[in-house]
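Working notes for the structure below.
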Amino acid sequence: MDSGRQILVCQYTNCLRNGSASVLAAFQSWATPGTMVIGCGCQGQCNMGATVRVLPDDTWYCRVKAQDVQTIVTQHLQHGHPVTPLLHPRFHPPDSEAV
Ligand code: FES
Numbered sequence: 413m414d415s416g417r418q419i420l421v422c423q424y425t426n427c428l429r430n431g432s433a434s435v436l437a438a439f440q441s442w443a444t445p446g447t448m449v450i451g452c453g454c455q456g457q458c459n460m461g462a463t464v465r466v467l468p469d470d471t472w473y474c475r476v477k478a479q480d481v482q483t484i485v486t487q488h489l490q491h492g493h494p495v496t497p498l499l500h501p502r503f504h505p506p507d508s509e510a511v
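Residue numbers for the sequence shown, in the numbering used here: 413 to 511.
Here you go:
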């Protein structure tokens, strides 16, 4: 049921400044079966980087650091529970259950 997921990790200027290259490397080192890790262009959330987007769930994470990756992988990718403190509030308002 987790097959075909894609992890988009922004590799554009502002996110790179916030460490998105090491976030991408961390996702690659935590390879999860059925999940493709992709370095992508700007996702339009430049002041909230590093921006990480999980498809097809369309879950958005913001201000992701390399040390957050293990939590996202185990909690979300392996067990299906998005990591609430890292959710992007613009797409996942705190009072919303729709994650
Ligand atoms: S630079 Fe990463 S979202 Fe724009």
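Positions of the beta carbon are idealized from the N, C-alpha and C atoms, including for glycine.
Going by DSSP, residue 428 is part of the alpha helix (DSSP H) stretching over 425-429.
Within the stretch 443-491, the complete beta strand (DSSP E) runs of at least 3 residues fall at 447-452, 464-467 and 471-473. Fewer than three Cβ pairs drawn from the stretch 489-498 and the stretch 450-458 lie within less than 8 Å of each other, which leaves the two stretches out of contact. Straight-line measurement puts the Cα of residue 481 at about 19 Å from the Cα of residue 504. Assignment of residue 495 by DSSP, reduced to helix, strand and coil, places it in the coil class. Here residue 498 is not near residue 418, since their CB atoms are 8 Å or more apart. When the Cα atoms are used, residue 484 and residue 425 turn out to be separated by approximately 23 Å. Around residue 476, the same chain offers 435, 462, 464 and 498 as residues with beta carbons nearer than 7 Å, after the five sequence neighbours per side are excluded. Close CB contacts of residue 472 within its chain, under the 6 Å cut and outside five residues either way in sequence, are with 465, 500 and 503 (chain order). Secondary-structure assignment with DSSP links residue 417 through a beta bridge to 447.
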